[in-house]
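Remarks on the structure that follows.
In UniProt numbering, the protein residues as written are 1 to 330.
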């Protein structure tokens with residue numbers, strides 16, 4: 001599949017590399033409002049044996065390009081809905097960087113447009129395709145470790161110095177950049193919660209420095225913590241009635257997974273293994289999913305369906321309401 005990228009920031013660079021280095025995808029165009037910036041981005045990401053993309057100076061030019069078969073939206077959160085609509089109205093399938101939009105209302109509007117045009121759209125929740133996370137879901141579904149009772153995940157990175165994260169008009173703050181890993185991971189295991197509670201700290205500008213989110217389920221509780229002025233282990237764990245799953249470091253990346261099976265009532269584990277679930281790259285997995293779905297004539301992915309995107313955005317909306325974050329124009 002031939003891709004065009006809207007945006008020339010850091011996460012676009014990861015997609016540009018992974019999709020081409022580890023799959024048959026090719027990025028044929030990168031667009032920025034400043035063509036020179038797009039050109040510099042391409043020059044900064046050389047790939048041996050792969051022809052560089054073309055630099056374009058407008059997003060409109062990119063979505064109209066006949067060589068572009070799919071569009072990856074990698075602009076700041078505040079512009080995701082606008083740029084996804086731009087691609088859809090040009091008839092292009094779209095992969096939209098997470099968080100999908102600023103809020104659930106914007107997400108519904110984008111998905112309604114995709115439905116109207118019969119086009120594929122997926123949130124770029126690449127972590128759902130990682131082997132370790134797939135294993136965790138399969139283990140829970142199998143009943144091997146019993147019923148989950150407590151799930152937790154944390155994601156703190158010291159990135160508060162990044163200018164866009166300080167700006168409410170760009171939907172800055174920790175939640176949409178960092179919280180979009182632990183909250184969706186918990187959702188992938190337990191589904192939509194019945195209750196959402198959160199506490200957090202805000203900057204003087206009104207964006208969130210951090211938040212601790214408690215998610216209530218009928219027979220389980222989950223905690224997701226994220227913040228941008230400290231560093232954490234970025235670990236995840238599932239504690240169940242007959243065992244546990246541990247992603248001890250960087251749960252949101254390809255990493256080893258520890259599985260412990262106690263058997264209900266046992267004092268000592270009967271199984272304690274570590275599976276090396278590392279793979280090169282990671283973003284190529286979501287690019288491959290888009291290609292598969294589009295080739296099959298699907299408008300959504302079974303791994304990251306539209307309903308999941310809406311449910312996660314509703315949780316993020318509830319977290320912002322609890323901690324007091326509101327973006328301009330909402």
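For each residue, glycine too, the CB sits at the ideal point set by N, CA and C. Just so we're clear, the structure is a prediction, and the values are computed from it rather than from any experiment.
Discussion item. Can you tell me whether residue 319 is helix, strand or coil according to DSSP?
Written reply: helix
Worksheet item: Does the separation of the CB atoms of residue 262 and residue 248 fall below 8 Å?
Response: no
Worksheet item: According to DSSP, is residue 232 helix, strand or coil?
Response: coil
Worksheet item: With 16 other CB atoms within 10 Å as the buried threshold, where does residue 19 fall?
Response: buried
Discussion item. Does residue 36 pass the burial test, meaning 16 or more other C-beta atoms within 10 Å, or should it be called exposed?
Written reply: exposed
Item to complete: Write down the C-beta distance between residue 290 and residue 1 rounded to the nearest angstrom, noting that I regard them as a contact closer than 8 Å.
Response: 7 Å
Worksheet entry | residue 36 in three-state terms, based on DSSP | helix
Discussion item. Quick check on the burial criterion: 16 or more other C-beta atoms within 10 angstroms. Buried or exposed for residue 138?
Written reply: exposed
Practice prompt. Can you have a look at residue 346 and say buried or exposed, based on whether 16 or more other CB atoms are within 10 angstroms of its CB?
Written response: Examination of residue 346 is not possible in this model, given that the chain is present from 1 through 330 alone.
Worksheet item: Roughly how many angstroms lie between the CA atoms of residue 230 and residue 117, to the nearest whole one?
Response: 43 Å
Discussion item. Out of 83, 164 and 70, which one is the CA nearest neighbour of residue 120?
Written reply: Comparing Cα-Cα distances from residue 120 to each of 83, 164 and 70, the minimum goes to 70.
Worksheet item: Short check: CB of residue 207 to CB of residue 168, under 8 Å?
Response: Yes; because the gap between Cβ atoms is below 8 Å, this pair is in contact.
Discussion item. So, at 7 Å on beta carbons, what are the nonlocal neighbours of residue 104 in its own chain, with the 5 sequence-adjacent residues on each side left out?
Written reply: Sequence-distant Cβ neighbours of residue 104 in its own chain, meaning closer than 7 Å and more than five residues away, are 310, 313, 314 and 317.
Discussion item. Judging by CA-CA distance, which residue of 210, 296 and 21 is the nearest neighbour of residue 48?
Written reply: Checking every option, the nearest Cα to that of residue 48 belongs to 21.
Practice prompt. Leaving out five residues on either side along the sequence, give the residues of the same chain with a beta carbon under 8 Å from the beta carbon of residue 277.
Written response: Residues of the same chain with a CB within less than 8 Å of the CB of residue 277, apart from the 5 flanking positions on each side, are 130, 131, 132, 135, 254, 255, 256 and 257 in chain order.
Discussion item. Measuring CB atoms only, is the stretch 170-181 touching the stretch 145-152, in the sense that at least three cross pairs come out at less than 8 Å?
Written reply: no
Discussion item. Only counting the same chain, and skipping five residues up and downstream in sequence, which positions put a Cβ closer than 6 Å to that of residue 12?
Written reply: 5 and 74
Fill in: Cβ contact check for the stretch 150-157 and the stretch 76-85: 3 or more pairs under 8 Å
Taking one beta carbon from each stretch, the stretch 150-157 and the stretch 76-85 have fewer than 3 pairs nearer than 8 Å; the two do not touch.
Worksheet item: Short check: CB of residue 29 to CB of residue 65, under 8 Å?
Response: Yes. Within cutoff.
Worksheet entry | Endpoints, beta strand (DSSP E) assigned at residue 150 | Boundaries of the beta strand (DSSP E) harbouring residue 150: 148-156, taken from the DSSP string.
Worksheet entry | alpha helix (DSSP H) runs contained entirely in the UniProt domain "GFO/IDH/MocA-like oxidoreductase" (136-245), provided each spans 4 or more residues | 182-190
Worksheet item: Does residue 184 have its Cβ less than 8 Å from a Cβ in chain C?
Response: No chain C appears in this structure, which consists of one protein chain only.
Discussion item. Quick test of your reading: residue 322 and residue 198, contact by CB under 8 Å. State the CB separation rounded to the nearest angstrom.
Written reply: 4 Å
Item to complete: My understanding is that residue 259 touches residue 245, with C-beta atoms under 8 Å, so please give their C-beta distance in whole angstroms.
Response: 6 Å
Fill in: Close-in-space but distant-in-sequence residues of the same chain around residue 99 (CB under 6 Å, 5 per side omitted)
77, 176 and 180
Practice prompt. Have a look at residue 62 and residue 123 and give me their C-alpha separation to the nearest angstrom.
Written response: 20 Å
Worksheet item: Start and end of the beta strand (DSSP E) containing residue 31?
Response: 26-31
Worksheet entry | Three-way DSSP call (helix, strand, coil) for residue 330 in this model | coil
Discussion item. Along the chain, where does the beta strand (DSSP E) containing residue 123 start, and where does it finish?
Written reply: Start and end: 121-123.
Practice prompt. Would you list the one or two residues that DSSP bridges to residue 54?
Written response: 29
Discussion item. Assuming the contact rule is C-beta atoms closer than 8 Å, residue 53 and residue 27 should be a hit. Round their C-beta distance to whole Å, please.
Written reply: 5 Å
Practice prompt. With a cut-off of 8 Å on the beta carbons, I'd call residue 252 and residue 127 a contact; round off their distance for me.
Written response: Between residue 127 and residue 252 the Cβ distance is about 5 Å, and since that is below 8 Å, they are a contact.
Discussion item. So residue 45 and residue 83 are supposed to be a Cβ contact under 8 Å. How far apart are they, rounded?
Written reply: Actually they are not in contact, since the Cβ atoms of residue 45 and residue 83 sit about 20 Å apart, beyond 8 Å.
Worksheet item: When you compare only the Cα positions, how much space is there between residue 234 and residue 250?
Response: Rounded to the nearest angstrom, the two C-alpha atoms are 5 Å apart.
Fill in: residue 113, DSSP secondary structure in three states
helix
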